[in-house]
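Asker:
Numbering (our numbering), first residue to last: -13 to 112.
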């Protein structure tokens, strides 16, 4: 999955929240000064080229819709960060969060407890 610029991610957010949209409808989601129609159209076409959007033709206009869900995007983005910055080590991520005090030891213990409960439930459902 190709990475997105901040503007592309912002535009994708509208598709994830609202569903299929025409480029003209995107303009309504922006405060003044709104981006130019052609700018949004270029971003949307770029998202289509990257495989994030597709379209349905209505005469000579297109209604675009998301091909990638927000959850899939979040999952792939997280995997990319972990790969790039933590050498694919999920333990490295958690260690970093604890060291930087972004998560307390009590929260970490609670997380471990929840994961163990989920694992136990998974074994019971087999």
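Glycine is no exception: its CB is placed at the ideal position from the N, C-alpha and C atoms.
For clarity, every value in this text was computed on a predicted model and none was experimentally measured.
1. For residue 44, is the classification buried or exposed, using 16 other Cβ atoms within 10 angstroms of its Cβ as the cut-off for buried?
2. Out of curiosity, what's the CA-to-CA distance linking residue 10 and residue 27?
3. Identify which residue in 32, 18, 19 and 105 has its Cα closest to the Cα of residue 116.
4. Look up residue 48 in the DSSP assignment and give the residues it is bridged to.
5. Express the C-alpha separation of residue 46 and residue 68 in angstroms, rounding to a whole number.
6. Please report the residue range of the alpha helix (DSSP H) in which residue 74 lies.
7. Which residues in the same chain as residue 123 place their Cβ atom closer than 8 angstroms to its Cβ, once the five residues preceding and following it in sequence are excluded?
8. Closest to residue -4 by C-alpha separation, out of 98, 37, 30 and 70, would be which residue?
Answerer: Walking through what the data contain:
1. Numbered from 1 along the chain shown, position 58 holds the residue referred to as residue 44. By the neighbour-count rule (16 or more Cβ atoms within 10 Å), residue 44 is not buried but exposed.
2. Stepping through the chain shown from its first residue, residue 10 is reached at position 24. Stepping through the chain shown from its first residue, residue 27 is reached at position 41. Rounded to the nearest angstrom, the two C-alpha atoms are 9 angstroms apart.
3. Lying outside -13 to 112, the shown extent of the chain, residue 116 is not represented and no answer is given.
4. Taking the chain shown and counting its residues from 1, the one referred to as residue 48 is at position 62. Checking the DSSP bridge columns, you'll see residue 48 partnered with 43.
5. The count along the chain shown starts at 1 and reaches residue 68 at position 82. The count along the chain shown starts at 1 and reaches residue 46 at position 60. Cα to Cα, the separation comes out at about 43 angstroms.
6. If you number the chain shown from 1, residue 74 lands on position 88. Here residue 74 belongs to no alpha helix (DSSP H), and DSSP marks it neither H nor E.
7. Since the first and last residues shown for the chain are -13 and 112, residue 123 lies out of range.
8. Start at 1 with the first residue of the chain shown, and residue -4 comes out as number 10. Considering only alpha carbons, the answer is 30.
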